[in-house]
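Asks: For the sequence shown, the UniProt record's numbering gives the first residue as 1, with consecutive numbering after it. Cβ coordinates follow ideal geometry from the N, Cα and C atoms, glycine included.
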Amino acid sequence: MAIRALKWPWMRFTSSALLPKPLLGAGASRKSSGCLAALTPSRQAFSSNGLSADAPASGPSETTKYSKHKTPRKRASSVLAELRRIEHSKSISANAAKNFPTFRAGDSIEVKMVTHLSSTEIDTYRGVVLGMRRNGADSRFLLADVFLGTPILNNIPLYSPFIKSLKVLQPAYIHKGKKRVRRSKLYYLWEKRDPKYFSIST
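(1) What does DSSP give as the partner residues of Lys112 in its beta bridges?
(2) Which first and last residues belong to the beta strand (DSSP E) in which Val146 is found?
(3) For Pro151, does the three-state DSSP call read helix, strand or coil?
(4) With a 10 Å radius around its C-beta and 16 neighbouring C-beta atoms as the bar for buried, classify Pro72 as buried or exposed.
(5) With a CB to CB cut of under 6 Å and the five nearest residues on each side skipped, what residues in its chain are close to Glu110?
(6) On the CB-based measure, 16 or more other CB atoms within 10 Å of its CB, does Val128 come out buried or exposed?
(7) What does the Cβ neighbour count give for residue 223, buried or exposed, with the cut at 16 atoms within 10 Å?
(8) Where do the ends of the alpha helix (DSSP H) carrying Ala96 lie?
(9) Distance check for Leu153 and Pro195, CA to CA, integer angstroms please.
(10) Hey, could you find the ends of the alpha helix (DSSP H) Lys192 is sitting in?
(11) I'd like the list of long-range same chain contacts for Ser91, defined as Cβ closer than 7 Å, with 5 residues on each side in sequence excluded.
(12) Helix or strand or just coil, what does DSSP make of Leu23?
(13) Could you tell me the distance, in whole angstroms, from the CA atom of Lys192 to the CA atom of Ser199?
(14) Taking the straight line between their C-alpha atoms, what separation do you get for Ser184 and Asp107?
(15) Taking the alpha carbon of Ser119 as the point to measure from, which residue in Ile86, Ile163, Gly131 and Phe103 has its own alpha carbon closest?
(16) Among Arg134, Gly149, Ser67 and His69, whose alpha-carbon lies nearest the alpha-carbon of Ala105?
In structure tokens form, the structure reads like this:
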């Protein structure tokens with residue numbers, strides 16, 4: 001049975017024995033042998049145990065490890081982060097030396113501050129803690145107070161050296177000391193703008 005030549009070149013047989021006679025020419029044997037060599041997998045490079053001993057080396061046996069240098073911006077950020085960590089530890093030690101009590105949202109507290117370190121005038125703030133933003137040495141707490149019948153909101157740094165004293169007047173002032181509030185932020189009380197939630201009687 002004669003084998004007809006296929007229509008498309010990419011459908012031709014790779015074996016010279018199966019190629020149609022019109023396609024065989026003077027250099028067909030060399031071309032077909034070259035094609036077969038290219039299509040035949042190399043048995044020297046692969047074996048059951050991986051690469052054989054006579055396989056050519058693909059690269060150096062030991063790769064050199066290079067350390068990646070940080071950009072100047074990343075190096076500066078790491079230095080600033082280390083400075084903030086040192087400042088935070090010093091601030092915690094300073095507050096521990098002042099014996100400041102711990103407080104949380106919903107407590108009524110009294111804070112006595114000065115305008116500058118050499119000042120002798122002390123300003124007193126009384127109110128309800130609405131929340132605390134912890135950010136290392138830049139930690140702050142929101143204190144809702146009433147001034148002349150108008151609710152005001154004070155954003156006070158927790159580790160400020162201007163704070164001379166801090167005292168908790170009543171824990172869980174929102175619930176009259178019966179139970180703790182569940183939320184860590186009491187912004188919904190500030191939205192009501194009702195002085196009865198923030199006025200502290202002394």
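Replies: In short:
(1) Thr124 and Ser165
(2) Arg140 to Phe147
(3) strand
(4) exposed
(5) Arg126, Lys167 and Leu169
(6) buried
(7) Because the chain in this structure spans residues 1 to 202, residue 223 falls outside the shown range and cannot be described.
(8) Pro72 to Lys98
(9) 12 Å
(10) Tyr187 to Lys192
(11) Ala137 and Tyr159
(12) Confidence at Leu23 is low in this model, with a pLDDT of 46, below 50, so its placement is unreliable and no value can be given for it.
(13) 14 Å
(14) 11 Å
(15) Ile163
(16) Arg134
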